[in-house]
Structure formats: C-alpha cells, structure tokens
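*Asks:* Chains as they are written, first to last, in full-length UniProt numbering: chain L, 1 to 195; chain Z, 1 to 195.
Below: one structure in structure tokens.
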DNA sequence: TCTTGATGATACAGACCTGTCTCTTGATTG
DNA sequence: CAATCAAGAGACAGGTCTGTATCATCAAGA
C-alpha cells in the first residue's frame with residue numbers, strides 16, 4: 001500500500017508495464033504471452049490470475065494508454081488557458097517533438113486497429129473509441145477558437161494528426177517535426193481568418 | 001518449353017489475386033497459407049512451387065501493389081499535363097474519393113509496415129521504399145509548381161496523405177473526402193501563393 | 001501407348017501460441 | 001510453531017501456422 005521505493009511492484013503492474021512496452025515497440029500480435037512472462041519475471045499463472053486472457057491484457061494496455069494520452073493533452077493545453085487557437089497549435093508542436101523521440105513508434109491505437117481487424121475485438125473497439133474522443137476534443141477546440149467551419153477544421157486537423165503518427169519513425173520518413181507544426185498553423189490560421 | 005502462351009489463369013496468378021485481396025482486407029498476419037490455398041482452389045504445393053515462402057508471396061503482393069499505385073498516380077496526373085499545381089490537388093481529390101470506396105482499408109504499405117516490424121523483413125523494406133518513392137514524386141511536383149519551400153510543402157502533403165489513409169475506413173472516422181481535398185488545397189495554395 | 005510435366009489432395013513434421021494444471025516456495029499471521 | 005495464501009516454476013494439452021513429402025490425376029505429345 002505504501003509503495004516504498006525499494007520494494008518490487010506488484011505482479012499485475014510489472015506485467016502491464018512489460019506488456020505495454022513490448023506491445024508498443026514490437027506489435028501486439030508479435031509479442032506472445034511467454035515473452036511477457038519472461039521479461040517481467042512473473043509466473044504464467046500470475047498473469048492469468050490478473051488478466052482473463054491476452055485480449056484482456058491488450059485492453060488494459062490500451063486503457064492505460066488512453067489515460068496517459070488524455071493527461072498529455074491536458075498538460076499541453078493547460079499552458080495556454082482560455083486560448084484555444086494557441087492550444088491547438090501547441091498540441092501539434094508537441095506532437096512534432098514526440099515524433100522525433102527515439103521511442104516513438106506511431107500511434108498505439110492506430111497500430112492496434114491495424115493489427116486487430118476483427119470488428120468484434122474489444123481492443124479494436126477501444127482504439128476506435130479513443131479516436132472519437134480525440135475528434136470530439138478537437139471539435140470543441142475548433143468551435144471555441146471561432147473557426148468558420150469547425151467540422152471542416154476538425155476533420156483536417158485529425159487527418160494531419162493521423163498523418164504525423166503514420167509518417168514518423170514507423171515509416172522512416174524525414175523529420176516531420178517542422179512540417180507538423182507548420183501545416184497545423186496554416187490550416188488553423190486559414191480556418192479562423194477574421195471576417 | 002519456354003513458350004509461355006497465356007493460359008487462362010495459371011495457378012500463380014490465382015494465388016496472387018487471392019492473397020492480395022485477403023492480405024489487404026484482413027491483414028497479412030491474419031491470413032494463413034491454408035486460407036489462401038482454400039480460397040484460390042489451388043494445391044499447397046502449387047503455391048510453394050511458385051513462391052519460395054509466405055514472405056516471398058507478401059513481397060510479390062506489395063510489388064504488384066506498387067505497380068498499380070504508380071499507374072493510378074500517372075492516370076490522375078495525366079489529366080492535367082504541364083500543370084503540377086492542379087496535378088497535386090487532383091491527386092488529393094482522387095484520394096478523398098478512394099477513401100470512401102467500400103473496399104478501402106487504408107494504405108497497404110503502411111499497414112504492412114505496421115504488421116511487420118522486423119527491420120530485416122524484405123516486405124517492410126518494400127513498403128518503406130514505396131513511401132520514399134511517393135515522397136520523391138511529391139517533391140518533384142512541389143518544385144515544378146514553384147513552391148517557395150518545396151521540402152516543407154512536400155512534407156506537409158505527405159503527412160496529409162498518410163493521415164487520409166489512416167483516418168479512412170480503417171478508423172471509422174467521418175467522411176474524409178472533403179477534408180482531404182480542402183486541406184491539400186489550403187496547403188498548396190498557401191505554399192505557392194507569392195509568386 | 002508411353003512419357004513427361006503440371007497440378008490436386010492429403011498427411012505430416014516441427015515450431016509456436018494460448019491457456020490450464022500441479023507442485024513448490026516463502027512470507028505473514030494467529 | 002502452525003496455518004494460510006499469493007506467487008514462482010514448469011509440464012502439458014490443444015490448437016494453428018509454415019513448409020515438406022507422397023501419391024493420384026490429367027493432358028499433351030512422340
């Protein structure tokens with residue numbers, strides 16, 4: 001309970017930490033239960049006592065990623081309170097930096113959806129739900145920023161966001177850093193022109 | 001002996017047709033050799049006589065997709081000879097329409113790269129080579145269109161292109177059709193304005 | 001007719017994956 | 001000390017996957 005520094009984390013957390021890192025870096029289908037077991041130093045039964053199945057573990061990984069993503073979003077926008085236009089630009093600038101990070105491997109939700117095509121897969125449903133949430137938050141910001149056509153700007157920005165995730169290290173393209181921020185600024189300024 | 005008269009549908013072609021459809025629709029890792037065999041009505045040994053391995057079949061699928069993509073690109077740009085600016089816009093308008101097609105399932109190369117993370121995988125190398133080729137063609141068009149900063153415009157457009165592929169049916173987002181064309185037009189006009 | 005080559009059908013080997021079961025260890029608590 | 005319970009270790013079952021080997025079929029041509 002008291003989470004002392006020297007103490008080992010509970011099995012469930014070690015499993016989830018390891019699974020998250022491996023799923024993100026190597027892909028969900030490419031990482032087997034046995035690998036997660038070995039890397040987290042946990043018995044197989046400890047995994048299946050904490051998670052009903054691999055699918056369940058994947059869902060836990062995505063749910064935790066959603067929480068982390070929301071925290072990142074809030075952190076960035078909180079730096080420009082009451083200024084949605086600058087908030088939007090700041091999100092894309094931050095995204096451009098994240099793309100250049102050595103650990104960047106694309107969007108975990110987009111990747112999960114690409115790997116898990118079955119519409120009935122609960123992890124896929126989570127990934128789609130996350131994208132809808134992002135869309136809603138972008139739309140609200142576009143409205144708050146006074147865009148002439150918030151739907152259009154929101155759609156354009158989400159295209160750009162997905163493109164930034166796809167074109168990063170995952171595809172070994174050149175530095176997307178500058179292009180992300182500049183494209184977002186061009187679209188935002190174009191859509192919020194004074195009239 | 002060598003006289004390759006075109007027989008109606010050699011086994012090799014039936015296999016490649018079936019594999020391409022299944023790989024694209026359901027994913028590469030999700031489709032097994034046995035499924036391809038059953039769906040194309042071919043013996044397993046006929047597959048392995050024509051393709052050294054599943055990896056080899058995946059490469060053949062991607063290589064054929066590259067040819068088809070290049071043909072599509074040429075078809076669209078040929079409608080506006082000598083007008084690179086309109087050519088670029090036409091490419092994104094066409095892309096917006098393709099996204100709404102019922103069979104659209106994202107970019108086959110991006111998906112392949114997402115599924116096959118091993119840097120040594122030859123199919124992954126093909127996917128990355130394709131993206132570089134697209135980048136080069138876009139860059140040449142940006143130069144020809146007289147963009148102030150061709151590198152920047154090229155980067156922005158490729159971000160947008162990847163975003164359009166990712167945000168289509170694969171992620172169940174709203175109609176990207178209009179957003180794709182309008183965002184491209186905004187970026188292109190913005191980059192070629194002062195001249 | 002006999003040969004030859006391509007293809008279909010099927011069994012099988014070996015590897016890997018998920019998920020279950022049993023046995024043991026070690027820490028906490030009465 | 002004794003009881004209890006979470007967790008480690010590892011065997012195992014049942015399935016799927018890739019790739020190989022064997023045998024049967026069928027058509028074309030000398």
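In this text, a Cβ means the ideal position worked out from N, Cα and C, and glycines have one as well.
#1: Taking residue 138 of chain Z as the reference, give the member of Z:149, Z:158 and Z:148 with the closest Cα.
#2: What residues in its chain sit with their C-beta under 8 Å from that of residue 39 of chain Z, if we drop five residues either side in the sequence?
#3: Taking residue 161 of chain Z as the query, report the chain L residues whose CB atoms sit under 8 Å from its CB, ordered along the chain.
#4: In whole angstroms, what is the alpha-carbon distance linking residue 114 of chain Z and residue 111 of chain L?
#5: Please list the terminal residues of the continuous alpha helix (DSSP H) segment that includes residue 163 of chain Z.
#6: For a contact meaning CB atoms closer than 8 Å, what does residue 187 of chain Z contact in chain L?
#7: Given this structure, state the Cα-to-Cα distance separating residue 153 of chain L from residue 13 of chain Z, to the nearest angstrom.
#8: Listed in chain order, which residues of the segment 63 to 86 of chain L have Cβ atoms closer than 8 Å to some Cβ of chain Z?
#9: Quick check: the Cα distance between residue 79 of chain Z and residue 58 of chain L, rounded to an integer number of angstroms?
#10: Starting from the beta carbon of residue 111 of chain L, find every residue of chain Z whose beta carbon is closer than 8 Å, and list them in chain order.
#11: Anything in chain L within Cβ reach of residue 12 of chain Z, meaning under 7 Å, just list it in chain order.
#12: Taking 8 Å as the CB-CB limit, is residue 137 of chain L close to chain Z?
#13: Could you tell me the distance, in whole angstroms, from the CA atom of residue 67 of chain Z to the CA atom of residue 133 of chain Z?
#14: Using only CA atoms, which one of Z:148, Z:164 and Z:107 lies nearest to residue 24 of chain Z?
#15: Go to residue 182 of chain Z, then tell me how far its alpha helix (DSSP H) extends in each direction, as first and last residue.
#16: Would you mind telling me which residues of chain L sit closer than 8 Å to residue 123 of chain Z, beta carbon to beta carbon, in chain order?
#17: Starting from residue 217 of chain Z and walking both ways along the alpha helix (DSSP H), at which residues does that stretch end?
#18: What residues in the segment 141 to 155 of chain L bring their beta carbon closer than 7 Å to a beta carbon of chain Z?
#19: Whose C-beta lies closer than 6 Å to the C-beta of residue 50 of chain L among residues of the same chain, with five residues either side of it excluded?
#20: So is residue 150 of chain L buried or exposed if we call it buried at 16+ other beta carbons inside 10 Å?
#21: Are the C-beta of residue 180 of chain L and some C-beta of chain Z separated by less than 8 Å?
#22: Considering Cα atoms alone, identify which of L:96, L:27, L:100 and L:15 is closest to residue 169 of chain L.
#23: In three-state terms, what does DSSP make of residue 81 of chain L?
#24: Return no unless some Cβ of chain Z is closer than 8 Å to the Cβ of residue 26 of chain L.
*Replies:* If we stick to the structure as given:
#1: By 1-based counting over the second chain, the position of residue 138 of chain Z is 138. Ranking the options by Cα distance to residue 138 of chain Z, first place goes to Z:158.
#2: Indexing the second chain from 1 puts residue 39 of chain Z at position 39. Closer than 8 Å at Cβ, skipping near neighbours: 18 and 22.
#3: Looking up residue 161 of chain Z in the second chain gives position 161. Within chain L, the residues near residue 161 of chain Z are 163.
#4: Working through the second chain from its first residue, we reach residue 114 of chain Z at position 114. Working through the first chain from its first residue, we reach residue 111 of chain L at position 111. Spanning the two alpha carbons is a distance of roughly 6 Å.
#5: Within the second chain, residue 163 of chain Z is the residue found at index 163, counting from 1. First-last of the alpha helix (DSSP H) with residue 163 of chain Z: 150 to 167.
#6: By 1-based counting over the second chain, the position of residue 187 of chain Z is 187. Neighbours of residue 187 of chain Z on chain L, chain order: 183, 186 and 187.
#7: Translated into the one-based positions of the first chain, residue 153 of chain L becomes position 153. Translated into the one-based positions of the second chain, residue 13 of chain Z becomes position 13. Going by the C-alpha atoms only, they are around 44 Å apart.
#8: none
#9: Sequence index remark: in the second chain, residue 79 of chain Z carries index 79 (1-based). Sequence index remark: in the first chain, residue 58 of chain L carries index 58 (1-based). Near 47 Å, if we compare the C-alpha coordinates of residue 58 of chain L and residue 79 of chain Z.
#10: To locate residue 111 of chain L, count along the first chain from 1; it is residue 111. Residues of chain Z passing the Cβ test: 114.
#11: Position 12 of the second chain holds residue 12 of chain Z. By Cβ distance, chain L contributes nothing, its closest Cβ being about 26 Å from residue 12 of chain Z, past 7 Å.
#12: As a first step, residue 137 of chain L must be located in the first chain, where it is residue number 137. No, its Cβ sits nowhere closer than 8 Å to a Cβ of chain Z.
#13: Start at 1 with the first residue of the second chain, and residue 67 of chain Z comes out as number 67. Start at 1 with the first residue of the second chain, and residue 133 of chain Z comes out as number 133. The alpha-carbon atoms of residue 67 of chain Z and residue 133 of chain Z are separated by roughly 12 Å.
#14: In the second chain, residue 24 of chain Z corresponds to position 24, counting from 1. Ranking Z:148, Z:164 and Z:107 by Cα distance to residue 24 of chain Z puts Z:107 first.
#15: On the second chain, residue 182 of chain Z is found 182 positions in, with the first residue counted as 1. That run of the alpha helix (DSSP H) goes 177 to 191.
#16: The sequence position of residue 123 of chain Z within the second chain is 123, counting from 1. Neighbours of residue 123 of chain Z on chain L: none; closest Cβ ~14 Å, over 8 Å.
#17: Limits of chain Z in this structure are 1 at one end and 195 at the other, which puts residue 217 of chain Z out of reach.
#18: 152 and 155
#19: Residue 50 of chain L sits at position 50 when you count from the first residue of the first chain. Counting only Cβ-Cβ distances below 6 Å, and skipping sequence neighbours, we find 12.
#20: On the first chain, position 150 is the one that residue 150 of chain L refers to. By the 16-neighbour rule on beta-carbons within 10 angstroms, residue 150 of chain L is buried.
#21: Within the first chain, the letter at position 180 stands for residue 180 of chain L. Closer than 8 Å: yes.
#22: Here the question's residue 169 of chain L lines up with position 169 in the first chain. Taking only the C-alpha atoms, the option nearest residue 169 of chain L is L:100.
#23: On the first chain, position 81 is the one that residue 81 of chain L refers to. Three-state DSSP puts residue 81 of chain L in coil, outside helix and strand.
#24: Reading the first chain from its first residue, position 26 is the one you call residue 26 of chain L. Answer yes: the Cβ-Cβ gap between residue 26 of chain L and chain Z drops below 8 Å somewhere.
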